[in-house]
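To start, the structure itself, in structure tokens.
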Amino acid sequence: MHLFAQTASADASSEIAALPLRPASQVMQLSRLGSFHQSRLSFMRTLVRRMMRENWKIHSPVFDLDGEGYGTVIYEVQAKHGVYSFVLFSHYLDPENRNDRVIANQWDLTMALCEGRVDAAQVEFLRNNVPKQEAGRVDSRVFVLSRANRSGRTFEYVVDELSQGRQPNIDVIAEVGYLYRTTAAYGSGKLGMADWEKVRTKYQDFARPFAAEMFTCFMLRHFSFQHADYLAAKRAPNTAVTLDDNIKRYFGIGNSTGLGMAPFLINHPLLINQWIQQRETALARVIMAGDQGIELEMIERLKVAATRVIQHLGEIVTGDERQNTSNANTRAELKVLSSWLADQGANMVSGGYSWAELVAYAETNWRVETQEVINTMLIELYPELVDDLEDQMDVSEEQHLVPQMPVADLMALIEDKYDWALAIDFTRPEAQGSFWYRSEEKMEPRLGQTHVDLGMDKQMPLAIGRMVRECYDQLCDFSDQNLNQNVAHFILSNPAQSGIVSRIQTMGSALYGDIRENLVHSDVLPIHLLRCKLSFFGVSKFDPRSRLWVRNTMFQGAPLVSDFGKPFFDDWQFPIKPTTGVSD
Amino acid sequence: MRVSRNELTASLKKAFEGLGFSVGDYQDAAAMVVWSEMHGLGGLSQLQRALPFLDNSPCLNAKLISNTEQQVVLDGQNSSVLLCGTQAVRLACAMAGEKGNGRVQLDNCHNRQLISQCLVGAAQLGSALVAYWQQDNLGHKLSIEAGAQQPEYRQYSLANSGCAQSLLIFVSTDLAEIEHQFIAETTLGVEAHSVGPEAMLESYNQALELGIEIVAELWHELDNLVARVLVESTESSRAGAGD
């Protein structure tokens, strides 16, 4: 019997017990989470598979742009379970006002994803609010609100080339990878929009985490091609050509992500645990499958994948020294892997080599970045073992305090699951060298320096390790004076501890639990938090601009709307330059 | 204006934080108000009445007065159920976990109508509960089965004005058992008004579909409280955002 058939028939908990899952102590280290890459379970991947499989129909009943490309476009989306409207406004923006930060208040494009078809009154309502973004209000018919700015390096260049009858140079495109970049995609009820609960329960097409947000970015990408083609034709109707489909597929949507994403990970520990658990389950299933022998075809596919990742990493342009070094090291180690697979592939098959041995070798000899690339590539090899997990990525983020738990049990739970927090010496100044706070500018989360920056008295409760330590110390004091008491009585005496106690009890029963990092250490690298979440979104080409924000590319390599309904092999991860088109 | 559940919850958490609530308390308090409003029990109007009091009082939680085999008595210290309610319900549940049933009397406590969500949370963990309080010649009773999503709310006309600011909480795993205990020691008047689980669910679904109606004045008031947890933006602080 095939492994997948075996595992699918077992219930989830017995499967978890049987799988060779990596321990939380290994997986939940922030530096490892910050080395994750897109996988088959990432939200862009699962969305694209769904759209392709269900052959969503997308057309634009309104494409009302002037000669400069400004105006209104409405796309109507016929998905499997419903009709949706993607409404986009294109505005003139003085280049001096083009700003990717969340504090910006003008953009080249603003857009909204709405339920059903929109009528003239709703379009007018959206026109009065969507361009204002955070300063406007929408209603519960809207799922997502987003905005985007043109790439200063590629947009005009591509339009110029097309208008002169030429395809753009691939090498120029490779440096950027997109025509537009989005700077925010708000959903989940912000600014009056539909609650996630409504979307999840009523709109099956978008009932997976961030599916509506990812679709919005996919539609932005679709518009970016139509916009470039439209402007080229307007400028030079007699000579313009349209962008080649292979080049279009190589274009993604740019994204800038800053600290705003970091608190989300800390404030949604059950959701993050769920995502990681599914990814680890996928990896464990694959490793287990490898225990039954590896076919030569799998070795060949892994070799092809390694070659592709080596090229992909080599094509990333970033000014960040740390990322460049990391990419170079990963490429070097993957070249060793690639040679090894070429030389020893047949022997690996005949000698009963397993994926577990490869993973163990990588963990001993190669860097974390390389280890996680290998894990990602292995997951790609077995869609039939992995893809059913895409329906397990959601979970209710509810923490419950268990009042009857004996205080001694709570202390034991902390010693077991939060040993990493108890190991931190918070008396050292650097252990509390930073603090998180919300700025009055759009409530933007920021990282301050302890005793230097304003706002320590208003810091956000993101230092989970320190809060656990404080709770544990108070539990010790309480238990010294109150034998055999329960948590309810501890909370009565220490009411300020109820929040962290709920978290400890809830996460204590989660497989992976909390991220194991002191997030207020002076050397904390929030970019790892961003990278972790972005990997689950499915982005690629990480380009850190500092330790606090990162540029990346969404949907680069993904199919086009015109590909819907055509045969599809889901392998657009780690995009590389297409061979079509002009190159230096 | 209408706001979403997520939006209202996020705003309330920060507003309560601005009022000085601790982490667990502001999470609980936000959940209590939102639940009550979405299920048609007037959470926002009660909050609006409570805000001036909350803003001018210290954030006091409940204090243990006595702890016997039969019941625990807590002093709410003239504070709001937003700060004391979860403590009382948790204590009652813990008592029930040890002894089979629990009875907690929370004295000197305000905004008792907002207790509903605490009961629902406990019901989700396997407890059946009854909460009872008296106010202005009315007896108010909330009861919920173990595992249920919505309680039943009943009001009774009382001949005399009720005892001052007390809230009684009964917990067991069997609602019939605590209803029996409750009726044995309470004189209920004529039923004046009730809201059943179906009506609460309908109200919730409508609020989820259309958003939650909130008066602009209260939303503005919450914004002002939220502003208390925000930090002034400076050139230096912008560097802390990645500039």
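Protein chains in written order, with numbering that gives the first Met the number 0: chain Z, 0 to 583; chain F, 0 to 242.
Where a beta carbon is used, it is the ideal one built from N, C-alpha and C, also for glycine.
For the region 381-464 of chain Z, the full-length beta strand (DSSP E) segments reaching 3 residues or more read 433-438 and 444-448 along the chain.
Inter-segment contact for the region 425-443 of chain Z and the region 563-578 of chain Z is absent: fewer than three beta-carbon pairs are separated by less than 8 Å. Assigned with DSSP and collapsed to three states, residue 94/F falls in helix.
If you draw a straight line from the Cα of residue 503/Z to the Cα of residue 92/F, it comes to about 19 Å. In terms of beta-carbon proximity, residue 207/F lines the interface with chain Z, with at least one pair separated by less than 8 Å. Judged by DSSP secondary structure, residue 51/F falls within the alpha helix (DSSP H) whose first and last residues are 42-54. The criterion of a C-beta distance shorter than 8 Å is not satisfied by residue 542/Z and residue 387/Z.
The beta carbon of residue 577/Z is closer than 8 Å to those of 169, 245, 246, 248 and 249 in its chain, skipping five residues each way along the sequence.
Distance from the CA of residue 564/Z to the CA of residue 79/Z, rounded to the nearest whole angstrom, comes to 13 Å. According to the DSSP secondary-structure assignment, residue 190/F is paired through a beta bridge with 155/F. At a C-beta separation below 8 Å, residue 92/F has these neighbours in chain Z: 402, 403 and 487. In the structure shown, residue 343/Z falls within a helical segment according to DSSP collapsed to helix, strand and coil. CA-CA distance, residue 81/F to residue 104/F, rounds to 16 Å.
In the three-state reduction of the DSSP assignment, residue 22/Z falls in the coil class, being assigned neither a helical nor a strand state. Interface annotation for the region 19-45 of chain F against chain Z: 21, 22, 23, 24, 25, 26 and 27, criterion Cβ-Cβ distance under 9 Å.
Distance from residue 498/Z to residue 32/F at the Cβ level is roughly 17 Å; contact not present, criterion being Cβ atoms closer than 8 Å. Contact of residue 453/Z with chain F by beta-carbon distance below 9 Å involves 230, 231, 233, 235 and 236. With its beta carbon at least 8 Å from every one in chain Z, residue 14/F lies outside the interface.
Note on geometry: alpha-carbon atoms of residue 527/Z and residue 26/Z lie some 13 Å from one another.
Contact check for residue 215/F against residue 177/F fails: the beta carbons are separated by 8 Å or more. Not a single CB atom of chain F sits nearer than 8 Å to the CB of residue 268/Z. In the DSSP secondary-structure assignment, residue 28/Z is bridged to 515/Z. Residue 60/Z: member of the beta strand (DSSP E) spanning 56-64, first to last residue.
The C-beta distance from residue 118/Z to residue 149/Z rounds to 30 Å, too long to meet the 8 Å contact threshold. Counting along the chain, the unbroken alpha helix (DSSP H) around residue 217/F starts and ends at 215-225.
The C-beta distance from residue 389/Z to residue 45/Z rounds to 4 Å, short enough to meet the 8 Å contact threshold. Taking a cut-off of 8 Å for Cβ pairs, the region 279-288 of chain Z and the region 335-343 of chain Z do not touch, as fewer than three such pairs fall below it. Spanning the alpha carbons of residue 411/Z and residue 185/Z requires a straight line of approximately 40 Å.
Residue 17/F sits in a helix when the DSSP states are folded into three classes. Distance check between residue 76/F and each of 109/F, 100/F and 36/F places 109/F closest, using alpha-carbon atoms only.
At a C-beta separation below 7 Å, residue 436/Z has these neighbours in chain F: 230.
With contacts defined as CB atoms closer than 8 Å, residue 129/F and residue 457/Z fail to qualify as a contacting pair. Bounds of the beta strand (DSSP E) holding residue 62/F are 62-66. Sorting 50/Z, 379/Z and 191/Z by C-alpha distance to the C-alpha of residue 136/Z places 191/Z at the top.
Bridge pairing for residue 553/Z: 252/Z [DSSP]. Neighbours of residue 2/F in chain Z, taken as residues at a C-beta separation under 7 Å, are given in chain order as 191.
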